[in-house]
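Protein chains: 2
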Amino acid sequence: MKIAITGKGGVGKTTFSGTLACILAEKYKVYAIDADPDMNLASSLGITKEITPISKMKDLIKERTGAEPGSSFGEVFKANPKTSDLPDLLSIKYSENENLKLMVMGTVEKGGDGCVCPASVLLKALMRHLVLKKDEIVILDMEAGIEHFGRKTAEAVDLMIVVTEPSSKSFETVERIKILSKDIGIKSIACVLNKVSNKEELEFAENNLKKMNLSIIGCIPYDKEVSKADMNREPLINYKNSKALFSIRKISEKVLELKN
Amino acid sequence: MKIAITGKGGVGKTTFSGTLACILAEKYKVYAIDADPDMNLASSLGITKEITPISKMKDLIKERTGAEPGSSFGEVFKANPKTSDLPDLLSIKYSENENLKLMVMGTVEKGGDGCVCPASVLLKALMRHLVLKKDEIVILDMEAGIEHFGRKTAEAVDLMIVVTEPSSKSFETVERIKILSKDIGIKSIACVLNKVSNKEELEFAENNLKKMNLSIIGCIPYDKEVSKADMNREPLINYKNSKALFSIRKISEKVLELKN
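As given, the protein sequences belong to chains P and Y, one line each in that order.
Mind the numbering: the first sequence is residues 1 to 260 in full-length UniProt numbering, read in order.
Mind the numbering: the second sequence is residues 1 to 260 in full-length UniProt numbering, read in order.
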């Protein structure tokens, strides 16, 4: 099963993605993929060691796509690079959990380096051609906002989870995502409501999502343990009493129901 | 003076940009530019009427850059399109305030439409060639994260304001922005600390920013009026008792000191 996590910046995509990956890795083999140029999925997984992002593997990108990473806009890419050996080539194993592997698309290394299209092309091809075994799950933490829909990076996923907080700006993004995900052929889309502090916010959110005809597969309450985990640069999975962790665990069960 | 507002997604860039624009427009002519494909600056300014984004002006982009918007990655763009008539051509006047004009770069209209490079190229050229009168200010609300640094959209600004909330993930973005802004030749960079709820968070933030050698030009407290404004889809400037508005007003004075 391939799952993409999207949403407006700051709604909690990465914390959700990382924590979901940790939970699912208790029983499944999980590839967690950080597709955000402003990457920080590793810290949500509790991985502190240095990771070489795909965008830095210049020889590999050149070999597979024909493009130099960091080249100017006007370059032609191979749309269908070979990808079958990439999962093992690109991912690192999370030392504390044999089941969890991380892959990082990469970042803008230097101002003026051009857009991240070449690395995106490779990632898109990888997502399309990756054949998963029954006990394997891919979790793709997308970049904030909607530009990646232009590039169709997530077109081959089985489920898109849109994370939203109870704010009008965040719902505007959800609405755009709903339309754009249809354009790129995503069949299954569900919402996770995050950072809900009170009943008023919950109602406000439910009303807005109802209007958009989107199903909510879970609601995560505002939880100080999440900021604590962030400040200590620790994964939320270590905070056993976190209410947010409890909610994400419930969501993971619903995700697995969709899988089967 | 040309100011770019950057930062991680969700830290409050757009609310800050929009409110700063409203305040400065009390005395100056302000061009507020929404450079985020996941655009919502208009609502922070209290503008509800439909705006045609630059990316939708296909004939104009084709004429000036030689590229079709929504074309695939492998197209060559003119790097120096004519821009002198663009400010009047592209911006709309905010009906309630003669001094405030809004320009919207545009969004991904359809999934699979390609990246937003062509519209970015036009905006970059505009920023570079725009000659401002003494009483004119440009406020550029950038997209979340750091990809725009690869495209150098903001290279011609006089001041970059990085908005951050007190979280490790947000500071990671600040650190990347600091390095990348040097690469593209930004001379002046300052931090605005947003959504600070208590002393502990303030200290946590100050310590982190100190390590990065960044000056803080203002601190905006966590303020429920901001969510209220968002839920009601009204600009914060209408909430006269907002503590956040008060802080942004103080920051605007510091920004004007830097201008003179």
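In this text, a Cβ means the ideal position worked out from N, Cα and C, and glycines have one as well.
Beta-carbon within less than 8 Å of residue i's beta-carbon, same chain only, minus the 5 sequence neighbours each way: which residues are those?
i	result
Y/G9	A144 and G145
P/M212	F171, V174, E175 and K178
Y/G12	V163, E165, N194, K195, I220 and V226
Y/P235	G18, T19, C22, S43, S44, L45, G46 and A229
Roughly how many angstroms lie between the CA atoms of residue i and residue j, to the nearest whole one?
i	j	result
Y/S71	P/D34	Residue confidence is low: Y/S71 scores 49 on pLDDT, short of 50, so the model does not pin down where it sits. Its coordinate-derived value is still stated next. Distance between the alpha carbons of Y/S71 and P/D34: 26 Å.
P/G74	P/N194	In this prediction, P/G74 has a pLDDT of 43, which is less than 50 and means its spatial position is unreliable; nothing more can be read from the coordinates.
P/V138	P/M1	6 Å
Y/I216	Y/A205	10 Å
P/S252	P/K58	36 Å
P/Y31	P/N40	15 Å
P/E50	Y/E63	46 Å
Y/P221	Y/G106	31 Å
P/L122	P/T48	25 Å
P/K27	P/C219	23 Å
P/R233	Y/K169	9 Å
P/G46	Y/C191	28 Å
P/T14	Y/T14	21 Å
Y/E201	P/N260	43 Å
P/L60	P/E203	49 Å
Y/K210	Y/S188	16 Å
What residue does the alpha helix (DSSP H) around residue i start on, and which one ends it?
i	result
Y/L100	Here Y/L100 belongs to no alpha helix (DSSP H); instead the beta strand (DSSP E) covers L100 to V104.
P/M231	K224 to M231
P/K2	Run containing P/K2: none in the alpha helix (DSSP H); it sits in the beta strand (DSSP E), K2 to T6.
Y/K243	K243 to K259
Using a Cβ cut-off of 7 Å, pull out every chain P residue sitting near residue i, in sequence order please.
i	result
Y/E172	N40
Y/V11	G10
Which residue comes first and which comes last in the beta strand (DSSP E) that contains residue i?
i	result
P/E136	E136 to D141
Y/D34	K29 to D34
Y/V196	I189 to V196
P/T52	Segment: none, P/T52 is in no beta strand (DSSP E) and carries neither H nor E.
residue 264 of chain P	With chain P running from 1 to 260 in the structure shown, residue 264 of chain P is simply not present.
Y/G218	I216 to P221
In chain order, what residues of the same chain lie with their CB nearer than 6 Å to the CB of residue i, ignoring the 5 residues before and after it?
i	result
P/K254	I217
Y/A4	L140, M142, A154, V157 and M160
P/I186	M160
Y/K29	N99, D135 and E136
Can you list the residues of chain P that residue i reaches, using a CB-CB cut of under 8 Å?
i	result
Y/D230	S167, S168 and K169
Y/G18	Simply none; closest approach about 11 Å.
Y/D158	Under the 8 Å cutoff, chain P gives no residues; its nearest Cβ is about 16 Å from Y/D158.
Residues of chain Y with CB under 7 Å from residue i, in chain order?
i	result
P/E203	In chain order: nothing, as chain Y lies at least about 11 Å away.
P/S55	Result: empty, since nearest Cβ-Cβ is about 10 Å, beyond 7 Å.
P/R128	Simply none; closest approach about 13 Å.
P/S227	S167
So residue i contacts chain P; which residues on that side make the cut at Cβ distance below 9 Å?
i	result
Y/R233	S168
Y/R64	Near Y/R64 there are no residues of chain P at all, since even the closest Cβ is about 15 Å away, more than 9 Å.
For a contact meaning CB atoms closer than 9 Å, what does residue i contact in chain Y?
i	result
P/T14	K169
P/S43	S168, K169 and E172
Sorted by chain position, which residues of the same chain lie with C-beta nearer than 7 Å to residue i's C-beta, five sequence neighbours on each side aside?
i	result
P/N208	F171
P/D223	S242, K243 and A244
Against residue i, what residues of chain Y qualify as contacts under a CB-to-CB distance less than 8 Å, listed in chain order?
i	result
P/G46	In chain order: nothing, as chain Y lies at least about 13 Å away.
P/D36	G145
P/R249	Result: empty, since nearest Cβ-Cβ is about 22 Å, beyond 8 Å.
Heavy atom of the ligand MN less than 7 Å from the Cβ of residue i, yes or no?
i	result
P/E172	You won't find the ligand MN in this model; it holds no ligand whatsoever.
Check whether the region 148-156 of chain P and the region 13-33 of chain P are in contact - that is, three or more C-beta pairs closer than 8 Å. no
Using 8 Å as the threshold, is the region 222-230 of chain P in touch with the region 124-136 of chain Y, meaning 3 or more CB pairs across them? no
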